[in-house]
Amino acid sequence: MTIEDVFVITRRGVVVTGRVDAGEVRVGDTLWVADRTFRVDGIEAFRKSLDTASAGDNIGLLFRTADKADFARGSVLRDRPEGAATFTI
């Protein structure tokens with residue numbers, strides 16, 4: 001999921017918005033951004049709480065233990081760490 005916006009909800013946590021590019025995300029999943037991991041504490045779409053979201057869904061993800069500075073617009077949330085580069089020799 002490419003991050004479109006990041007904001008803070010007082011006493012709740014950081015919300016990251018974007019569209020799920022592929023696969024699925026569930027509450028409780030661990031996601032990577034750069035070299036850090038974050039646990040998904042909530043998913044919301046159009047003011048409805050969800051347990052899961054699938055490819056194509058526009059959602060907000062809640063992270064209670066994160067800071068706004070941990071995320072940047074355009075960064076990519078992944079379900080695994082970014083793989084090492086490969087080269088053809």
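So the sequence shown is numbered by full-length UniProt numbering: it starts at 1 and just counts up by one.
For each residue, glycine too, the CB sits at the ideal point set by N, CA and C.
Fair warning: this is a prediction, and the values are worked out from it, not measured in the lab.
- request: Measure from the alpha carbon of R19 to the alpha carbon of each residue in D70, D51, W32, D5, then state which is nearest.
  value: Position 19 of the sequence shown holds residue 19. The shortest CA-to-CA distance from R19 to any of D70, D51, W32, D5 is the one to D5.
query: F63 and F38: beta carbons closer than 8 Å?
result: One-based indexing of the sequence shown puts residue 63 at position 63. One-based indexing of the sequence shown puts residue 38 at position 38. For F63 and F38, yes; Cβs fall inside 8 Å.
message: For V76, which residues in the same chain have their Cβ closer than 6 Å to its Cβ, ignoring the five residues on either side in sequence?
response: Along the sequence shown, read from residue 1 onward, the residue named residue 76 stands at position 76. Excluding positions up to five away in sequence, the list reads T2.
When E44, L31, A72 are compared against P81, the one with the closest alpha-carbon: Here residue 81 refers to the residue found at position 81 of the sequence shown. When each option's Cα is compared against that of P81, the closest is L31.
task: Could you tell me if S56 is buried or exposed, where buried requires 16 or more neighbouring beta carbons within 10 angstroms of its beta carbon?
output: On the sequence shown, residue 56 is found 56 positions in, with the first residue counted as 1. Reading off the sequence shown, one finds Gly at residue 56, where the question assumed Ser. By the 10 Å Cβ count, G56 comes out exposed.
query: Helix, strand or coil: which one does DSSP assign to A53?
result: Here residue 53 is taken as the residue at index 53 of the sequence shown, counted from 1. Three-state DSSP puts A53 in a strand.
- request: Would you mind stating whether F71 and V14 have Cβ atoms separated by less than 8 Å?
  value: Position 71 of the sequence shown holds residue 71. Position 14 of the sequence shown holds residue 14. Cβ distance < 8 Å, so F71 and V14 count as in contact.
task: Along the beta strand (DSSP E) that carries G42, what are the first and last residues, could you check?
output: Counted from its first residue, the sequence shown places residue 42 at position 42. According to the DSSP assignment, G42 belongs to the beta strand (DSSP E) that extends over 42-45.
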